[in-house]
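Asker: I am attaching a structure below and will ask some questions about it afterwards.
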Amino acid sequence: MGVIAIQETPLHVLAVDDSNIDRKLIERLLKTYSYHVTAVDSGSKALEFLGLQDVENFQSFSSNQETDVNLIITDYCMPGMTGFELLRKIKESKSLKDIPVVIMSSDNIPARISRCLEEGAQEFFLKPVRLSDVDKLRPYLSKNERKTTNDDDDDDNDDGDDDVEGWSDEDEQGRSDEDERGQAVSMDQSS
Numbered sequence: 001m002g003v004i005a006i007q008e009t010p011l012h013v014l015a016v017d018d019s020n021i022d023r024k025l026i027e028r029l030l031k032t033y034s035y036h037v038t039a040v041d042s043g044s045k046a047l048e049f050l051g052l053q054d055v056e057n058f059q060s061f062s063s064n065q066e067t068d069v070n071l072i073i074t075d076y077c078m079p080g081m082t083g084f085e086l087l088r089k090i091k092e093s094k095s096l097k098d099i100p101v102v103i104m105s106s107d108n109i110p111a112r113i114s115r116c117l118e119e120g121a122q123e124f125f126l127k128p129v130r131l132s133d134v135d136k137l138r139p140y141l142s143k144n145e146r147k148t149t150n151d152d153d154d155d156d157n158d159d160g161d162d163d164v165e166g167w168s169d170e171d172e173q174g175r176s177d178e179d180e181r182g183q184a185v186s187m188d189q190s191s
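Once you know that position 52 of the sequence shown is 52 in UniProt numbering, the rest is easy, because the numbers rise by one and skip nothing.
Set out below in structure tokens:
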């Protein structure tokens, strides 16, 4: 029987936007769902925050161990590094490629949207981002939470690690329909 760790810390979203107003808006919307939000104003600051030290030469690709980001939401049009370039750098990184990335833009350009989705973006939101858009992020955060807490190991030893807890019968009965489709639901999100 597999075990899933119950995560008590809020899910962490990295928001990237060069516009202070848009950054504050997305931060407020994300906090409505009790997500922990770190907001930065450029793609290079996002990569630095994620632990990619020499982003131009890809020299140091060690993930920042103290920074456990569950999702990245980024503006497409930013000076220096676009959201698309940030997406590509994240997806090229062995340590960061599994973090879901959402692109947002005020331009409704179908070719741009398709290109971002083809390169690995989970969603593309048109600005201004609304609360209903943020609600669409929940499945990506749930999948990512399960992956980071279960670490994808098929560990056959039952050594009773103290850092994970198994589901009890009451937990099993209280799981939602969403969970029955294979998506983990954290105990703190169900309230």
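Every residue gets a Cβ at the ideal spot worked out from N, C-alpha and C, and that includes glycine.
1) Could you tell me whether the Cβ atoms of Val13 and Val37 are closer together than 7 Å?
2) Please classify Pro79: is it buried, with 16 or more other beta-carbons within 10 angstroms of its beta-carbon, or exposed?
3) Could you tell me whether the segment 110–117 touches the segment 129–141, using the rule of 3 or more Cβ pairs below 8 Å?
4) Beta-carbon within less than 7 Å of Phe125's beta-carbon, same chain only, minus the 5 sequence neighbours each way: which residues are those?
5) Are the beta-carbon atoms belonging to Thr82 and Val16 less than 7 Å from one another?
6) Who does Met104 pair with in a DSSP beta bridge?
7) Taking C-alpha atoms, which residue in Leu50, Glu85, Phe84 lies nearest to Asp68?
8) Which class does Val40 belong to by DSSP, given the choice of helix, strand or coil?
9) Would you kindly work out how many angstroms separate the C-alpha atoms of Pro10 and Arg28, rounded to a whole number?
Answerer: Inspection of the coordinates gives the following:
1) Yes, the Cβ-Cβ distance between Val13 and Val37 is below 7 Å.
2) Counting other Cβ atoms within 10 Å of its Cβ, Pro79 stays below 16 and is therefore classed as exposed.
3) No, the segment 110–117 is not in contact with the segment 129–141.
4) The answer, listed in chain order, is Val102, Met104, Asp133.
5) It is not a contact, given that the beta carbons lie outside the stated cut-off.
6) DSSP lists Asp75, Phe125 as partners of Met104.
7) For Asp68, the closest alpha carbon among the candidates Leu50, Glu85, Phe84 is that of Leu50.
8) Residue state, collapsed to three classes: strand.
9) Going by the C-alpha atoms only, they are around 15 Å apart.
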